[in-house]
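Undergrad: I have a structure here, written as structure tokens, and I will follow up with some questions on it.
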Amino acid sequence: MLTDIEIAQQTKMTPITEIAASLGIREEELEPYGRFKAKLNDSLYNRLKDRKDGKLILVTAINPTPAGEGKTTTTAGLGEAMAKIGKNAVIALREPSLGPVFGVKGGAAGGGYAQVVPMEDINLHFTGDMHALTSANNLLCAMLDNHMQQGNELRIDQRRVLIKRCLDMNDRALRNVVVGLGGKMNGIPREDGFIITVASEVMAILCLAADSSDLKERLGNILVAYNLDGEPVYAKDLKAEGAMAALLRDAINPNLVQTLEGTPVIMHGGPFANIAHGCNSVRATRLALKLADYCITEAGFGSDLGAEKFFDIKCRLAGLRPNAVVVVATARALKYNGGVPKAETGNENLEALKKGIVNLGAHIQNMRKYGVPVVVAINRFDSDTDAELAYIEQYCKENGADFALSEVFAKGGEGGMELARKVCAAAEQPSDFHPIYAGDLPVREKIATIAKEIYGADGVTYTAQAEKALKEIAALGGDALPVCIAKTQYSLSDNAALLGRPAGFQITIRDLRLSNGAGFVVAYAGDIMTMPGLPKRPAAERIDVDASGKISGLF
Numbered sequence: 004m005l006t007d008i009e010i011a012q013q014t015k016m017t018p019i020t021e022i023a024a025s026l027g028i029r030e031e032e033l034e035p036y037g038r039f040k041a042k043l044n045d046s047l048y049n050r051l052k053d054r055k056d057g058k059l060i061l062v063t064a065i066n067p068t069p070a071g072e073g074k075t076t077t078t079a080g081l082g083e084a085m086a087k088i089g090k091n092a093v094i095a096l097r098e099p100s101l102g103p104v105f106g107v108k109g110g111a112a113g114g115g116y117a118q119v120v121p122m123e124d125i126n127l128h129f130t131g132d133m134h135a136l137t138s139a140n141n142l143l144c145a146m147l148d149n150h151m152q153q154g155n156e157l158r159i160d161q162r163r164v165l166i167k168r169c170l171d172m173n174d175r176a177l178r179n180v181v182v183g184l185g186g187k188m189n190g191i192p193r194e195d196g197f198i199i200t201v202a203s204e205v206m207a208i209l210c211l212a213a214d215s216s217d218l219k220e221r222l223g224n225i226l227v228a229y230n231l232d233g234e235p236v237y238a239k240d241l242k243a244e245g246a247m248a249a250l251l252r253d254a255i256n257p258n259l260v261q262t263l264e265g266t267p268v269i270m271h272g273g274p275f276a277n278i279a280h281g282c283n284s285v286r287a288t289r290l291a292l293k294l295a296d297y298c299i300t301e302a303g304f305g306s307d308l309g310a311e312k313f314f315d316i317k318c319r320l321a322g323l324r325p326n327a328v329v330v331v332a333t334a335r336a337l338k339y340n341g342g343v344p345k346a347e348t349g350n351e352n353l354e355a356l357k358k359g360i361v362n363l364g365a366h367i368q369n370m371r372k373y374g375v376p377v378v379v380a381i382n383r384f385d386s387d388t389d390a391e392l393a394y395i396e397q398y399c400k401e402n403g404a405d406f407a408l409s410e411v412f413a414k415g416g417e418g419g420m421e422l423a424r425k426v427c428a429a430a431e432q433p434s435d436f437h438p439i440y441a442g443d444l445p446v447r448e449k450i451a452t453i454a455k456e457i458y459g460a461d462g463v464t465y466t467a468q469a470e471k472a473l474k475e476i477a478a479l480g481g482d483a484l485p486v487c488i489a490k491t492q493y494s495l496s497d498n499a500a501l502l503g504r505p506a507g508f509q510i511t512i513r514d515l516r517l518s519n520g521a522g523f524v525v526a527y528a529g530d531i532m533t534m535p536g537l538p539k540r541p542a543a544e545r546i547d548v549d550a551s552g553k554i555s556g557l558f
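Written out as structure tokens, the structure is:
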């Protein structure tokens, strides 16, 4: 079979003006970036704001494994399949980060015949949103250091600077650095560090902002440091929010692209779900809901991370009400959860499947706790046997979820028509959506609820640093905010080695941070890092471009 990039490069794309016209988007509401991608401006949403919303479908998954799940592939294929069965759907996705593209995980544009294109553009520089976000974050850092150098009128305590510089790349060498070296003219020496752009609060703010005014206000509310009296210092105290918003003037507008089959896709924002809230922008989702009868969106990694944050943070803050949830799994990944090595997951092994399927059961049950109908999509591989698929189908029925095979990787929309029909049927069922915890609970109780109800933990332990942070956050009014738990994506626990459905464990919170502008509290569980590193053999080694500009090896 052709590689993903070869399939994408052989596809004849529809001009983006035609994709926009098929949705009723007017010429003045579209800002083209070349022939096949464009931004959608405020005038479009302002015209559509009173239109009735379509159905909101969330695609999530079991915990990721090296055997693969194909969540974005399923999302893209489901959108293509909706068109095949005569439904009007718009897909809403996140933008890829260069970190995974050049690292090990890959991009975020789907795969096989269920991809979003132009694939190279999307997975590389796209429309410049990541660059704008990185620049806005680092401008704030530069202004803070400059303020301390130029007399420090705000009396910022250089030992209590909270904001970090960012870079959209995996670079472990920058996790901890010292800045301001080289003498008096080069600033105040202090410890600093970098995080990956998609973990930054600026990214979260872009994805949760309702409009440009809301964006600027949220940017001004970023807690950047404490002063020598222990009082908070915000970005607005540095007068940084105006310039930051100027850098994000175009980035706040969602991007319009398409699938291989010409299905419209709105792609905007890209926070990771293991270290951030893992959802595309509120603006993109709202636009998709206005433009189509169905908005198909996804949340990063497994439902314990992305879907939980989609429901408890994004839907809560934006007033969204999902109508159905799709949980993606593969027989191979379930066997891996049952103890089978990756190299052997292609062999039939019903005993391992029965042992590992409890991971799927946990995700189904967790999603049902939110009051939303659930459909399981099995991303089918050629190695899957009839006996394995029959067992998964029976297990889904016993756990109150409908079931469909998905062959969109190999067949595009045609391979997802059964899934599309079942998703439409689920979306017509009554949805009693509700977050898993009440907004007025203290942060400690919110974390305890997520740990118990979603992860299956027996309890939560806090380090001394976390206890101190809890008190500081409460003093600043943060107890009223939702919680964004940063933890490993590979397990329901905070230990990546615990596969399946672990029991008898505690979640350890080592620190917390108030994302005051974004409007949530980040709790760091286990040893999760906000600046990933490259693997021993990074994907970048296989990527090249020839004299004509044709890229190879991207996927």
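Counting in the numbering used here, the sequence shown runs from 4 upward without gaps. No residue lacks a Cβ here, since even glycine has one placed at the ideal position from N, Cα and C. Quick caveat, the model's predicted, so the values are computed rather than measured.
Please state whether the Cβ-Cβ distance between V119 and V343 is less than 8 Å.
TA: Against the sequence shown, residue 119 aligns to sequence position 116. Against the sequence shown, residue 343 aligns to sequence position 340. For V119 and V343, no; Cβs fall outside 8 Å.
Undergrad: From the DSSP output, which residues share a beta bridge with A228?
TA: Here residue 228 refers to the residue found at position 225 when the sequence shown is read from its first residue. Looking at the DSSP assignment, A228 forms a beta bridge with V164 and V236.
Undergrad: Buried or exposed for L184, going by 16 or more other Cβ atoms inside 10 Å?
TA: Position 181 of the sequence shown, counting from 1, holds the residue named residue 184. With fewer than 16 other Cβ atoms within 10 Å, it is exposed.
Undergrad: Leaving out the 5 sequence neighbours to the left and right, which residues in its chain are closer than 7 Å to L337 when beta-carbon positions are compared?
TA: One-based indexing of the sequence shown puts residue 337 at position 334. Contacts found: L356, G359, I360, N362 and L363.
Undergrad: Please classify M188: is it buried, with 16 or more other beta-carbons within 10 angstroms of its beta-carbon, or exposed?
TA: On the sequence shown, position 185 is the one that residue 188 refers to. Per the 10 Å Cβ criterion, exposed.
Undergrad: Would you kindly check if the distance between the Cβ of H366 and the Cβ of G305 is under 8 Å?
TA: Working through the sequence shown from its first residue, we reach residue 305 at position 302. Working through the sequence shown from its first residue, we reach residue 366 at position 363. It is a contact, given that the beta carbons lie within the stated cut-off.
Undergrad: Starting from T511, follow its DSSP beta bridges and name the residues at the other end.
TA: If you number the sequence shown from 1, residue 511 lands on position 508. The partner list for T511 (beta bridge, DSSP) reads T464.
Undergrad: Can you list, in chain order, the residues of its chain whose CB lies under 8 Å from that of F1, leaving out five sequence neighbours each side?
TA: Coverage of the chain is limited to positions 4 through 558, which leaves residue 1 absent and any answer about it impossible.
Undergrad: Give me the DSSP bridge partner(s) of V329.
TA: Start at 1 with the first residue of the sequence shown, and residue 329 comes out as number 326. V329 is bridged to V62 and V378.
Undergrad: Rounding to the nearest angstrom, what Cα-Cα distance links L222 and L241 in this structure?
TA: Looking up residue 222 in the sequence shown gives position 219. Looking up residue 241 in the sequence shown gives position 238. For L222 and L241, the distance between alpha carbons rounds to 11 Å.
Undergrad: Which stretch, first to last residue, makes up the alpha helix (DSSP H) that contains L136?
TA: Counted from its first residue, the sequence shown places residue 136 at position 133. Counting along the chain, the alpha helix (DSSP H) containing L136 begins and ends at D132 to Q152.
Undergrad: Determine the closest residue to Y458 out of A430, P438, K490 and L484, with distance taken between C-alpha atoms.
TA: Translated into positions along the sequence shown, residue 458 becomes position 455. Looking at the Cα atoms, K490 is the closest of the given residues.
Undergrad: Whose C-alpha, out of L59, M206 and Y394, is nearest the C-alpha of A521?
TA: Residue mapping note: residue 521 aligns to position 518 of the sequence shown, counting from 1. Selected option, being the one with the closest Cα: M206.
Undergrad: Put L392 into one of helix, strand or coil per three-state DSSP.
TA: As a first step, residue 392 is located in the sequence shown; it is residue number 389 there, counting from the start. In the structure shown, L392 sits in a helix (DSSP, three-state: H, G or I).
Undergrad: Under a three-way DSSP split, which group does Y458 fall into?
TA: Your numbering for residue 458 matches position 455 in the sequence shown. The answer is helix: DSSP assigns Y458 an H, G or I state.
Undergrad: Out of E448, V375, K40 and N350, state which residue places its alpha-carbon closest to the alpha-carbon of C318.
TA: For this step, residue 318 is matched to residue 315 along the sequence shown. Measuring from the Cα of C318, the nearest candidate turns out to be V375.
Undergrad: Are the beta-carbon atoms belonging to L294 and L26 less than 8 Å from one another?
TA: As a first step, residue 294 is located in the sequence shown; it is residue number 291 there, counting from the start. As a first step, residue 26 is located in the sequence shown; it is residue number 23 there, counting from the start. Yes, the pair counts as a contact, with Cβ atoms nearer than the cut-off.
Undergrad: Between the region 384-400 and the region 47-60, are three or more C-beta pairs nearer than 8 Å?
TA: Cβ pair count under 8 Å is below three, so no.
Undergrad: Between the region 139-149 and the region 245-265, do three or more beta carbon pairs fall short of 8 Å?
TA: Yes, the region 139-149 touches the region 245-265.
Undergrad: From D217, L211 and A441, pick the residue whose C-alpha is nearest to that of S284; which is it?
TA: Looking up residue 284 in the sequence shown gives position 281. The shortest C-alpha separation from S284 is found at L211.
Undergrad: Between D559 and M122, what straight-line distance do the alpha-carbon atoms span, to the nearest angstrom?
TA: For the chain, the structure presents residues 4 to 558; residue 559 sits outside this window and is missing.
Undergrad: Go ahead and label L231 buried or exposed: buried means 16 or more other beta carbons lie within 10 angstroms of its beta carbon, across all protein chains shown.
TA: The residue you call residue 231 lines up with position 228 of the sequence shown. Flag for L231 reads exposed.
Undergrad: Is there contact here, the region 326-340 with the region 268-288, by at least three beta-carbon pairs under 8 Å?
TA: Touching, no.
Undergrad: Could you tell me the distance, in whole angstroms, from the CA atom of C427 to the CA atom of N91?
TA: Working through the sequence shown from its first residue, we reach residue 427 at position 424. Working through the sequence shown from its first residue, we reach residue 91 at position 88. Rounded to whole angstroms, C427 to N91 spans 11 Å at the Cα level.
Undergrad: From the DSSP output, which residues share a beta bridge with M270?
TA: Along the sequence shown, one-based indexing puts residue 270 at 267. Note: M270 sits in a beta bridge opposite L96 and N258.
Undergrad: Does the distance from the C-beta atom of I8 to that of G115 stay below 8 Å?
TA: Taking the sequence shown and counting its residues from 1, one reaches residue 8 at position 5. Taking the sequence shown and counting its residues from 1, one reaches residue 115 at position 112. The answer is no: Cβ separation not under 8 Å.
Undergrad: Identify, in the order they occur along the chain, each residue of the same chain with its Cβ nearer than 7 Å to the Cβ of G529, setting aside the five sequence neighbours on each side.
TA: Your numbering for residue 529 matches position 526 in the sequence shown. Cβ within range, chain order: K490, T491, D497, N498 and T511.
Undergrad: Would V486 pass as a contact of I439 if the rule is Cβ separation under 8 Å?
TA: On the sequence shown, position 483 is the one that residue 486 refers to. On the sequence shown, position 436 is the one that residue 439 refers to. The answer is no: Cβ separation not under 8 Å.
Undergrad: Please report the Cβ distance between V377 and R371, rounded to the nearest whole angstrom; I am assuming they are in contact, meaning their Cβ atoms lie under 8 Å.
TA: On the sequence shown, position 374 is the one that residue 377 refers to. On the sequence shown, position 368 is the one that residue 371 refers to. Going by Cβ atoms, the distance from V377 to R371 rounds to 6 Å, so yes, they are a contact pair.
Undergrad: Sorted by chain position, which residues of the same chain lie with C-beta nearer than 7 Å to L517's C-beta, five sequence neighbours on each side aside?
TA: Taking the first residue of the sequence shown as 1, we reach residue 517 at position 514. Hits under 7 Å: L226, I476, L479, G481 and V524.
Undergrad: Tell me, which residues are paired with A407 by DSSP?
TA: As a working note, residue 407 is residue 404 in the sequence shown. DSSP output for A407 lists A380 as bridge partner(s).
Undergrad: Are there three or more Cβ pairs, one per stretch, closer than 8 Å when the region 38-46 is compared with the region 296-316?
TA: As far as the Cβ criterion goes, the region 38-46 does not touch the region 296-316, which means the pair count is below three.
Undergrad: Quick one: residues in its chain with C-beta nearer than 8 Å to the C-beta of F412, no 5 flanking neighbours on either side, listed in chain order?
TA: Here residue 412 refers to the residue found at position 409 when the sequence shown is read from its first residue. Excluding residues within five positions, the ones whose Cβ falls inside 8 Å are G73, T76, G80, G114, G115, Y116, A117, N382 and G418.
Undergrad: Pick from E354, A460, R335 and C399: whose alpha carbon is nearest that of T68?
TA: Counting from one through the sequence shown, the residue named residue 68 turns up at place 65. Comparing Cα positions, the closest option is R335.
Undergrad: For A64, which option in E470, A543, N126 and V379 has the closest C-alpha, if you only look at C-alpha atoms?
TA: Residue 64 sits at position 61 when you count from the first residue of the sequence shown. Answer by Cα proximity: V379.
Undergrad: Where do the ends of the beta strand (DSSP E) carrying Y297 lie?
TA: On the sequence shown, position 294 is the one that residue 297 refers to. Taken as a continuous stretch (DSSP letters only), the beta strand (DSSP E) holding Y297 covers Y297 to E301.
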